Amino acid sequence: MAGNRKEGPLLLLSFLITAALLGLGWFFLSRSGLNPGALLNSQGSPGTGGLSLPSGSGERLSQGERLLFTDNPNPDKQAGVAALAAGDFQTATTQLEAALKADRNDPEALIYLNNARIGNAAAPTIATVVPVSSSPNSARELLRGVAQAQDEAVRTGQPFKVVIGNDNNDPNQAKELANTLVQDSNILAVVGHGTSTTSLAAAPIYEENKLVMIAPTSTSTELAQVQKGSSNYIFRTVPSDQFTGTALARYLLKGLGKSKAMIFFNAGSSYSQSLNTAFTTTLGLEGGQVVQQVDLSQGNPSEQLGGTAAEVLVLLPDAATLPQAIQVAQANQNRLPLLGDDALYTVDSLRQGGAALNGMVLPVPWHPLKTADSNFTQAANRLWGGDINWRTALSYDAVQALRVALAKARSRAEVEQVLAAPGFTASGATGPINFLPSGDRNGGAVLVRIEPGNRSKTGYDFVPLP
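Residue numbers for the sequence shown follow this note's numbering, so the first one is 249 and each next one is one higher.
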């Protein structure tokens with residue numbers, strides 16, 4: 249009994265000390281500028297500025313408190329992220345500036361740096377969702393456009409924060425992230441997703457919850473057919489497959505003077521199917537014919553080359569079937585002319601395909617050599633230290649459109665109203681940005697050819713046709 253009487257005061261004293269320490273910790277966290285309530289999400293792990301995160305999604309969203317790209321370690325970047333997670337914006341700024349001196353080509357670091365510079369100042373927030381894990385190079389290309397536009401906005405006094413999401417090019421993960429983002433009223437718009445497949449998966453969620461999504465690289469014609477209410481919340485800055493498929497078919501007929509095509513595509517991909525439909529429709533209407541269609545996702549597509557009556561091979565892969573498309577090109581051994589799609593516009597394609605892709609012509613929405621003297625291209629070259637590609641230009645355009653909207657809007661509904669207004673226009677990397685009632689953007693295609701060169705450091709480059 250005597251022992252219990254001694255323990256009572258000790259337990260009370262211990263409780264009071266613990267409570268005091270917790271109170272002081274909360275006080276200093278608040279003074280540092282970090283919202284203590286945002287430190288933990290519903291699972292007790294680091295949060296993302298108050299987002300309510302379902303199980304597993306917390307590791308796929310970041311405003312700078314965690315790294316999403318882990319394939320190129322940078323100690324200064326890691327230190328900056330740790331400082332951001334602790335709410336120490338000054339240290340985070342210093343460390344992330346050092347990280348960019350070591351690797352100026354890192355868009356994730358630049359986005360986190362500008363988020364740190366904004367700190368707790370009042371600023372709107374947008375999100376961008378890219379395939380970090382499955383396609384890190386394409387994800388970085390997309391983020392460079394977002395990062396460049398944010399950097400310009402911060403420097404000119406129109407700051408906004410950016411949340412980065414990683415959907416791993418997985419439709420289910422895209423839906424999960426979309427459901428997370430629509431729940432946070434601080435998120436006023438989304439730039440993404442990285443592919444037609446993931447954009448189509450997420451678009452109905454954004455539309456139903458009235459959160460604007462601007463897709464910078466999703467070209468499937470199905471995106472314009474997403475069921476909408478009285479207002480349209482789905483936009484894109486890249487022309488649809490109808491434009492690029494038509495351009496490719498007309499080049500086959502007029503540029504090559506051929507008429508018979510053999511098409512390799514992925515029947516399970518909305519993007520690949522959409523482009524295939526646009527291409528074959530124009531080809532048939534204007535005097536050509538498709539002699540055979542081969543599904544890249546089934547068996548060994550290269551085996552279908554033997555004895556074909558085709559005059560041209562048309563490769564229309566999505567990201568998942570790029571390796572099979574390159575294998576078809578290698579099996580062709582430069583016998584028949586090759587046409588391709590914008591999924592093949594990657595440094596990895598040049599590296600892996602090499603001489604087998606030499607001479608291939610493909611359509612893209614934009615090419616830096618076509619606008620070498622423009623303010624955007626020159627600024628991009630200074631910022632990133634080299635050439636950028638169409639993915640960067642079109643994601644930049646998406647954010648430029650949002651910059652115009654955010655200058656006038658303070659709610660999701662107002663953002664949509666600004667973008668959908670008949671007279672809306674914004675200045676982008678690829679020219680004026682305005683939208684059709686469907687959310688599509690009018691635009692054409694730049695035809696490029698793969699030729700020997702050194703700009704990409706692979707031995708081959710994408711060069712615009714005259």
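Even for Gly, the Cβ is constructed at its ideal location relative to N, Cα and C. Computed from a prediction, not measured in an experiment: that's the story for all the values here.
Using three-state DSSP, classify residue i as helix, strand or coil.
i	result
P452	helix
R484	strand
T376	strand
T556	coil
I366	helix
Q541	strand
R697	strand
S310	strand
D336	coil
Y519	helix
L282	Residue placement at L282 is poorly supported in this model, since its pLDDT is 35, which falls under 50; the coordinates still yield a value, given next. Looking at L282 - three-state DSSP - the assignment turns out to be coil, as it is neither helix nor strand.
F710	strand
F512	strand
Take residue i as the anchor and find which of the options has the nearest alpha-carbon.
i	options	result
T528	I511, V595, Q648, Y519	I511
L390	G692, R689, A641	A641
S686	P571, V430, E470	E470
G692	L598, H615, I412, D709	H615
N623	P379, N362, V377, E400	E400
L332	N362, P355, A350	N362
L436	A369, A577, E551, R658	R658
V402	L586, A370, R388, S382	A370
Taking 8 angstroms as the limit between beta carbons, can you name the residues of its chain near residue i, skipping five residues before and five after?
i	result
Y519	T443, S444, T445, S466, T467, S468, D489, D566, A591
G535	L501, S507
T296	Residue placement at T296 cannot be trusted, given a pLDDT of 41 that sits under 50; what the coordinates show is reported in the next sentence. Cβ neighbours of T296 beyond the five flanking positions: A286, N289, G306, L309, S310, Q311, E313, V411.
Apart from the five residues on each side of it in sequence, which residues of its chain come closer than 6 angstroms, Cβ to Cβ, to residue i?
i	result
L523	D489, G493, L564, D589
R352	G633
L598	S704, T706, Y708
P611	T492, A495, L496, A693, L695
T619	T625
G440	T376, V377
I574	Q600, G601
V542	F512, P549, Q552
Does the Cβ-Cβ distance between residue i and residue j come in under 9 angstroms?
i	j	result
A604	N637	no
R484	R639	no
L459	V438	yes
G413	A375	yes
D635	R703	yes
R498	L425	no
D415	V377	yes
R392	A628	yes
L553	L561	yes
A653	S479	no
G532	V538	yes
A350	N322	yes
Grab me the residues of residue i's own chain with a C-beta within less than 7 angstroms of its C-beta, minus the 5 sequence neighbours each way, in chain order.
i	result
F672	V666, N682, F683
V329	G312, E313, R314, L315, Y360
A449	P419, A422, K423
A346	D324
Y481	Y454, E455, K458, L459, V460, M461, E664
A395	P355, L358, I359
Pop quiz: residue i and residue j are said to be a contact at Cβ under 8 angstroms. What is the actual Cβ separation, rounded to whole angstroms?
i	j	result
Q540	T530	At roughly 18 angstroms, the Cβ-Cβ gap does not stay under 8 angstroms, so Q540 and T530 are not in contact.
F408	P372	5 angstroms
P464	A646	4 angstroms
N417	T594	At roughly 14 angstroms, the Cβ-Cβ gap does not stay under 8 angstroms, so N417 and T594 are not in contact.
V411	P613	Actually they are not in contact, since the Cβ atoms of V411 and P613 sit about 26 angstroms apart, beyond 8 angstroms.
Any chance the CB of residue i is under 8 angstroms from a heavy atom of the ligand ATP?
i	result
I435	What this structure holds is no ligand at all, so the ligand ATP is not there to describe.
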